[in-house]
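Asker: Structure in C-alpha cells, see below.
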Ligand SMILES: Nc1ncnc2c1ncn2[C@@H]1O[C@H](COP(=O)(O)OP(=O)(O)O)[C@@H](O)[C@H]1O
Ligand SMILES: [Mg+2]
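Residue numbers (the working numbering): 1 to 225.
And the structure:
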C-alpha cells in the first residue's frame, strides 16, 4: 500500500537576528512518501535549521511548509504538535534517552504519551527493539549500553509510533565509522520495511550515498549532487 504523505517547502527563507545573511535562501524541497534524502553540508551551513523548519519546530521568515498540502504555518501550536506526533519522528546526534528508564521503557514512552494499553505498548516496543538487534538489552539502562546500542534505542523510540518520516540530524555522528555503518544499516532496513521517509543531515558522504537523493546545502541553497 502506498502511503499518502508529502512535505513541500516552498521558497523558504530563514533569517536569524544578528546574522547578516539568511541561513536558508528561497529554498524549495519536495519530500514524498518513503523517500530517502540526504542533506550534506559543512557545520553551520543550516542543516539543523532546515530540519527544524521541515518539522514545524521553527518557522520560516518567508515561504511556506506544506504537510499533505496543509500550510503548517497557519496551524495553532496544538494542532502543529498533534500533526508532528502523528507523522514525524526525530533522531539526533546524542541519544537523549531518559537515564532512569530501561531501553524498553524509553521506547514505550511515545506510545504511553498516546495512551493505549500497557501490554500492547510493551509488545510494540519489544518488536521494534528486536528488529534493531536489541532483544537481549530490553531491561538495560542507558549507562549499561554501548554508544551504538544507545543510538539503536533512540532509533527504536523514533520508529515505534510508525511515523511517515524520520528527520535524522547526524544520527551516527558520535559513533566510530564501523559502528556508524552498522547502526545506519539497521536504521535503513527498518525504514524500508515500514516505508518511512528519511531526511538525513550529515557530513558523512558514505552515509549520504546510501540515500536515493543527495543535496548539498551551501550559501542557503540546496544543490542536487
Ligand atoms: N536559534 C538561532 N539563533 C540565531 N542563530 C542561529 C540559531 N540557530 C542556528 N543559528 C545559526 O544559523 C547557522 C546554521 O546553523 P545550523 O542550522 O545549526 O547549522 P548546521 O546544522 O548545518 O551545523 C549558524 O550560523 C548558526 O549559528
Ligand atoms: Mg546541526
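Using N, Cα and C, we set each Cβ at its ideal position, and we do this for glycine too.
With 16 other CB atoms within 10 Å as the buried threshold, where does residue 90 fall?
Answerer: Residue 90 should be labelled buried.
Asker: Mind checking which residues open and close the alpha helix (DSSP H) that includes residue 187?
Answerer: 177–194 is the span of the alpha helix (DSSP H), which, as asked, contains residue 187.
Asker: Could you check what DSSP says for residue 143 in three-state terms: helix, strand or coil?
Answerer: Note: residue 143 maps to helix in three-state DSSP.
Asker: Find out if the Cβ-Cβ distance for the pair residue 88, residue 55 is shorter than 7 Å.
Answerer: Result yes, Cβ atoms of residue 88 and residue 55 sit closer than 7 Å.
Asker: Looking only at C-alpha atoms, which of 170, 165, 181 and 99 sits nearest to residue 142?
Answerer: Out of 170, 165, 181 and 99, 99 has the C-alpha closest to the C-alpha of residue 142.
Asker: If you drop the 5 nearest sequence neighbours on each side, which residues of the same chain put their C-beta closer than 6 Å to that of residue 154?
Answerer: These residues qualify, in order along the chain: 91 and 95.
Asker: Return yes when the C-beta of residue 44 is under 6 Å from any heavy atom of ligand 1, and no when it is not.
Answerer: Correct: residue 44 has its Cβ closer than 6 Å to ligand 1.
Asker: If you count every other CB in all the chains shown that lies within 10 Å of the CB of residue 123, and 16 or more means buried, which is it?
Answerer: Exposed, since its Cβ has fewer than 16 Cβ neighbours within 10 Å.
Asker: Regarding residue 47 and ligand 2, is the C-beta to nearest heavy atom distance less than 6 Å?
Answerer: Flag set: Cβ of residue 47 near ligand 2.
Asker: I'd like to check one pair, residue 38 with residue 181: are the Cβ atoms closer than 7 Å?
Answerer: Result no, Cβ atoms of residue 181 and residue 38 do not sit closer than 7 Å.
Asker: If we ignore side chains and look at the alpha-carbon of each, how far apart do residue 118 and residue 110 end up?
Answerer: For residue 118 and residue 110, the distance between alpha carbons rounds to 12 Å.
Asker: Locate the beta strand (DSSP E) running through residue 29, then write down its first and last residues.
Answerer: Taken as a continuous stretch (DSSP letters only), the beta strand (DSSP E) holding residue 29 covers 24–32.
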